[in-house]
Amino acid sequence: MSKNTSKNIGERIEGLRADLHDHNHRYYNLADPIISDKEFDVLMKVLEKLEQSHPEFDDDLSPTKRPGGDPVDGFEKVEHTTPMLSLANTYDQEEVEQWMTRVGKGLEGEEVVYVMELKYDGVAISLQYENGRLIRALTRGDGSEGEDITANVKTIRTIPLLLQKGAPQKLEIRGEIFYPFEAFNELNELREESGETQFANPRNTASGSLKLQDSREVAKRKLDCMMYNVLAKGEAQTHSEAVSKAGLWGFRVPHNSENMISTSRDAQGVMAFIKFWDKSRRELPFAIDGVVIKVDKYDQQERLGLTSKSPRWAISYKFETERVRTKLKEITYQVGRTGAVTPVANLELVQLGGTAVKRATLHNADQISRLGLIPGDYVYIEKGGEIIPKIVGVDESMRGVGVDLFSSALDSFPTNCLECGAELVREEGEAAHYCPNAESCPPQVSGRIVHFISRKSMNINGLGAETVIQLVEAGLLVDPGSLYDLRAEDILPLDRMADISVKKLLKGIEDSREIPFERVLFGLGIRYVGETVAKKLARSLGSMRAIMSADKEALVEIDEIGERIAESLINYLSQPRHLQLIEKLEKAGLQFHVEEIEGATDTLDGAAIVVSGVFEHHDRSEIKKLIEKHGGKVSSTISKKTAFVVAGDKMGPSKKEKAEKLGVEMLSEDEFLAKISG
Ligand code: IVH
């Protein structure tokens, strides 16, 4: 290839990257895309292809790298260029006015413009850019030193990897990473499906997500980020100007048009902003916990200066979390598919944050005792980011004479399952009580079948939760296996069943025989074996037989399978009724192994292998297929865990350097072919 063509390809790659960064920014930050999702995908594919055949133009900040890279062992501590301060807080509007008076005095009566924005309820982040490229992302840490979480932050779509034209050469910018409600609820639904405990609130989950060691997992979490502090004072005279410039450089920033940022010269305007958002905050797709008021002009900020902890030029007004009191009518108990018993508080109907509430979760017995609930108590409830409100306290002053203060709502915590009568158990270290009668406790039986037929598992059309309960009650279903024994004449006599619906249901069941093994495995509802884990197990071990014969050591060797999952699997497979179920499903013709690939071996034994460069006899995707066919794992970045690199012509210089530095072996195409054939 002549120099000229190679240069052209380099330019083409650069051009595509710039376009894709631009489209990403338009889509995620401006909500103003100019191409369709499909066109975006096509451009991305073109770029991927070009990058694959021209690894010499490799770039860690390419838009193709958003899905994350190999896991890391920990995060490096790095000192902040400027400390990350906190803000003075108040819950009192009068104190905001007093602060404004102090500011006025501090500036000797000069006119002051205040800028108001939302106080995002998430995790603070500091981003550093050089020559328009994201080079580092640090957590707040202790304010003077943070943790380098760049790899995780790079997966967040609203954070630009490359800045738009016009951005300063060097830039540090700070903001808040948060978990939008919709994505948070989606994550919890998935966790519920795999029998994992749900996350309590979006803020802590955002924080936990950013500390995950595997950026590919972070990429799945759909975090978002809003910027609120530009540390490039030369770029603007005021904060509000800097924020709107940051929007042009590619960041997600609040917009005046949506009233998410506004300015005012007087207390009246400031209070109006506070009032508006206190009322409207529930309409936002993410959580805020107040409003931040700042002096807009940078030179005035500087003159006001800082105290030891926080700037004098800003204050945050925190909203009172809305809390109402209502009467606890009774506690009922729900038995889930895993047998866990959840107490639910049934409340006298009350309005909270614009919705009528009559139930609140109590999680488990510990929660009841922590709250010290007595039957008939008046309780306070609050609504956070969660869907179901929670009880946060008791109004003891409402306890009338004659109330036995030594009694407890726990006294009536059932000792036996209210659904099937079995004695409840509570295992050491577990917060929940369980009904041990997994085999025939009705909500457990129907819960397992409902999980099995769900969209992400067997996706059985024409069958819903209500029908399952009906069929379980009629004794026609006892486990997922019995679905395959159902006959039209059994179902037709049931309520709400007609010829057409029965046909549809039976066809749905028939079609499910083709569902791939990984989804069958997920459908079994083994604790901690969610969608992703099921996929991993199926792909690594290939069949149910192989999973059944693997011991704990073999299981934990699989990438991302830890002790907790391995133990749960072994426990599940040690129970005869589960083995019977698997046999029954196998006989019914369901998929219990991954479709065989002809000539496949496990020579490479799960090794992580990086492919770089161009090859004489194969293209890169063929090499990757060969790796997978022979039991290896293709990985995109070189790390200590890389077994070897299949290195072709024109391997990217940065990759080569990294491999040499880490002492990772580099095999030529021929050496690699010899390895897999021998
Ligand atoms: S300004 C020098 N603006 O609140 C202070 N902070 O309690 C710079 N926060 O650590 C902070 N929204 O994580 C600022 N619009 C906003 C904010 C905001 C949320 C967080 C931030 C900070 C904490 C202070």
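If you number the sequence shown the way the working numbering does, the last residue is 678 and the count never jumps. We put the beta carbon where it would ideally sit given N, CA and C, even for glycine.
Proximity of residue i and residue j at Cβ, strictly below 9 Å
i       : j       : result
Leu-362 : Ile-391 : yes
Val-403 : Gly-372 : no
Pro-254 : Glu-117 : yes
Asp-142 : Glu-76  : no
Thr-326 : Val-292 : no
Leu-521 : Ala-538 : yes
Gly-462 : Lys-504 : yes
Ala-345 : Ala-432 : no
Arg-157 : Arg-221 : no
Arg-303 : Gly-106 : yes
Asn-416 : Glu-423 : yes
Val-153 : Arg-203 : no
Leu-477 : Val-445 : yes
Ile-526 : Thr-603 : no
Pro-343 : Ile-368 : yes
Ala-246 : Tyr-298 : no
Arg-140 : Met-84  : yes
Gly-68  : Arg-265 : no
Ala-287 : Asp-499 : no
Ala-488 : Val-468 : no
His-54  : Ser-86  : no
Pro-436 : Tyr-333 : no
Gln-470 : Leu-492 : no
Anticipated Cβ contact below 8 Å, residue i with residue j, distance rounded
i       : j       : result
Gln-686 : Asn-201 : Past the edges of the chain, shown from 1 to 678, lies residue 686, and the structure says nothing about it.
Thr-155 : Val-218 : 5 Å
Val-103 : Val-112 : 6 Å
Ile-315 : Ala-88  : 5 Å
Asp-485 : Arg-448 : Actually they are not in contact, since the Cβ atoms of Asp-485 and Arg-448 sit about 16 Å apart, beyond 8 Å.
Phe-57  : Ile-125 : At roughly 29 Å, the Cβ-Cβ gap does not stay under 8 Å, so Phe-57 and Ile-125 are not in contact.
Ile-374 : Arg-337 : Wrong, their Cβ atoms sit about 32 Å apart, outside the cutoff.
His-593 : Gly-542 : 6 Å
Pro-296 : Ser-209 : Checking the sequence, you will find Asp at residue 296 rather than Pro. Contact flag wrong, Cβ pair sits at about 33 Å.
Val-379 : Val-350 : The Cβ separation is near 10 Å, so there is no contact.
Cys-441 : Val-335 : 6 Å
Ser-540 : Gly-606 : 7 Å
Paired residues, beta bridge with residue i - DSSP
i       : result
Lys-318 : Gly-290
Phe-644 : Ile-609, Glu-665
Phe-273 : Bridge partners of Phe-273: none, in fact.
Ile-177 : Val-123, Cys-225
Phe-146 : According to the sequence displayed, residue 146 carries Gly and not Phe. BP columns for Gly-146 point to Val-78.
Ser-262 : Met-116
Tyr-129 : Leu-134, Leu-171
Ser-543 : His-593
Pro-311 : Leu-306
Pro-160 : None, per the DSSP bridge assignment.
Gln-334 : Thr-342
Leu-347 : Leu-328
Asp-649 : Val-614
Asn-571 : Asn-571 is not bridged to any residue.
Thr-139 : Ile-125
Asn-89  : Ser-316
Lys-297 : Thr-238
Val-357 : Val-350
Arg-323 : Glu-382
Next on the checklist: Ignoring anything shorter than 3 residues, give me the beta strand (DSSP E) runs that lie fully in the segment 377-407, in order along the chain.
Outcome noted: 378-382, 390-394
Item to check | Cβ contact (3+ pairs, closer than 8 Å) linking the segment 28-42 and the segment 54-72 | outcome: no
Item to check | Cβ contact (3+ pairs, closer than 8 Å) linking the segment 609-622 and the segment 643-660 | outcome: yes
Next on the checklist: Could you check whether the segment 249-266 touches the segment 216-230, counting it as contact only if at least three pairs of C-beta atoms, one from each stretch, sit closer than 8 Å?
Outcome noted: yes
Item to check | 3 or more residues per run - each beta strand (DSSP E) lying fully within the segment 401-454 | outcome: Fully enclosed beta strand (DSSP E) runs of 3 or longer: not present.
Next on the checklist: Between the segment 494-512 and the segment 529-540, can you find at least three pairs of beta-carbon atoms closer than 8 Å?
Outcome noted: no
Checklist entry - How about the segment 46-61 and the segment 270-280: do they share at least three Cβ pairs that are nearer than 8 Å? => result no
Checklist entry - Of all the beta strand (DSSP E) runs that stay within the bounds of the segment 8-85, which reach a length of 3 or more residues? => result 77-79
Next on the checklist: Taking 8 Å as the cut-off, does the segment 629-641 touch the segment 565-576 (at least 3 CB pairs, one atom from each stretch)?
Outcome noted: no
Checklist entry - Taking the runs of the beta strand (DSSP E) that are 3 residues or longer, which of them lie wholly in the segment 514-544? => result none
Checklist entry - How about the segment 579-594 and the segment 549-565: do they share at least three Cβ pairs that are nearer than 8 Å? => result no
Item to check | Runs of alpha helix (DSSP H) lying entirely within the segment 185-210, each at least 4 residues, in chain order | outcome: 202-210
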